[in-house]
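Just so it is clear: in the sequence shown, position 89 is 348 by this note's numbering, and no numbers are missing.
Note that CB positions come from ideal geometry on N, CA and C, so glycine has one too.
What follows is a single structure, written as structure tokens, with notes after it.
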Amino acid sequence: MEKIKLIPAREQIATEIKHAIISGQLQPGTELVQMKIAEMLGVSRMPIREAFHILEKDGYIILENSRKAIVSDFTIDNIIEHYELRALLEGNVAFRAAQTRPDVTQLQEIVDLIDKNLGKPDFVHYNEMFHKEIWHLSQSPKHTEIITNLWNRIPHQLVVVTAEGQNASNMEHKMILKALKEADAPAADHHMRQHILRSMSDYTSRIRKGLDF
260 MEKIKLIPAR EQIATEIKHA IISGQLQPGT ELVQMKIAEM LGVSRMPIRE AFHILEKDGY
320 IILENSRKAI VSDFTIDNII EHYELRALLE GNVAFRAAQT RPDVTQLQEI VDLIDKNLGK
380 PDFVHYNEMF HKEIWHLSQS PKHTEIITNL WNRIPHQLVV VTAEGQNASN MEHKMILKAL
440 KEADAPAADH HMRQHILRSM SDYTSRIRKG LDF
């Protein structure tokens, strides 16, 4: 049994605002005022201010002053570029991991946990664990630093929402795992890239159709 993780208010608020921007509820150019958001969410202005700094760093808003911000032009093209960069970098990381002939025991355990949690909120946590374990196995700290920054830009609990989508995702995880077990670096690279690009396709399709997250 894992320890319960308490998510700081600033991160919860930043995720909610990212969701609203990506889904189109908050359009580019919309003014965000700290006091109004604080009143709406029933919190003090401090976590709102901290959330604004997270959102500015990730490119979602432009801070006008200490009290308000403007929603950036965060488009489908931005999201596609984000995923294409991730596919290139994480594909290369999977390639490097396979070259080390890694011990994939923990990775196998994570895949098994995902199978047991399809359709459940825990999927998001275990999916992130899967990717981070491969970053660790690759022994590529600079890649990991850049990829971590990319991961923080899109809230991953919004990406795979259905049990079917989660099952497809974990089938791809198993193909990546197989390539790592066999130390097949080109296959690990290929399957990781396809995995991320398929996720991109599903995600952007839902946004274009205006479906709920």
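DSSP-derived helix/strand/coil call for residue i
| i | result |
| --- | --- |
| T322 | Note on identity: in this sequence residue 322 is Leu, with Thr being the wrong assignment. Correct three-state label for L322: strand. |
| I307 | helix |
| I413 | coil |
| V363 | coil |
| K379 | coil |
| L285 | coil |
| E431 | helix |
| I263 | Residue confidence is low: I263 scores 47 on pLDDT, short of 50, so the model does not pin down where it sits. Its coordinate-derived value is still stated next. Looking at I263 - three-state DSSP - the assignment turns out to be coil, as it is neither helix nor strand. |
| V302 | coil |
| E441 | coil |
| S458 | helix |
| F472 | No answer about F472 holds up, because its pLDDT of 42 lies below 50 and its placement is not dependable. |
Burial state of residue i, where buried means 16 or more other Cβ atoms lie within 10 Å
| i | result |
| --- | --- |
| R360 | exposed |
| P306 | buried |
| A422 | exposed |
| N386 | buried |
| M451 | buried |
| I266 | exposed |
| D362 | exposed |
| G378 | exposed |
| S464 | exposed |
| G288 | exposed |
| S460 | exposed |
| N429 | buried |
| T274 | buried |
| A310 | buried |
| R345 | buried |
| K401 | exposed |
Of the listed residues the options, nearest to residue i (C-alpha basis)
| i | options | result |
| --- | --- | --- |
| R326 | H341, V292, K433, L314 | V292 |
| D294 | I466, D461, A328 | Here residue 294 turns out to be Met, not Asp, going by the sequence shown. Ranking the options by Cα distance to M294, first place goes to A328. |
| Q398 | Q358, A442, D448, D443 | Q358 |
| H454 | P380, V330, N426 | N426 |
| N324 | K316, R308, I313, S331 | R308 |
| A447 | H312, E349, R269 | E349 |
| I406 | I272, Q365, S331, L347 | L347 |
| A268 | Q284, Q286, A297 | A297 |
| K440 | I466, F382, L366 | L366 |
| Y253 | N408, G424, L456, K437 | This structure cannot settle anything about residue 253, because the visible part of the chain is limited to 260 through 472. |
| V330 | L285, K316, H312 | L285 |
| E340 | I466, T403, L409, F389 | L409 |
Contact between the segment 302 to 316 and the segment 335 to 347 (3+ Cβ pairs under 8 angstroms): no
Given 8 angstroms, three or more beta-carbon pairs between the segment 274 to 286 and the segment 311 to 321: yes
Sufficient close CB pairs (3 or more, under 8 angstroms) joining the segment 344 to 362 to the segment 381 to 397: yes
Cβ contact (3+ pairs, closer than 8 angstroms) linking the segment 421 to 441 and the segment 364 to 381: yes
Within the segment 326 to 363, ranges of the beta strand (DSSP E) (whole runs, at least 3 residues): 327 to 330
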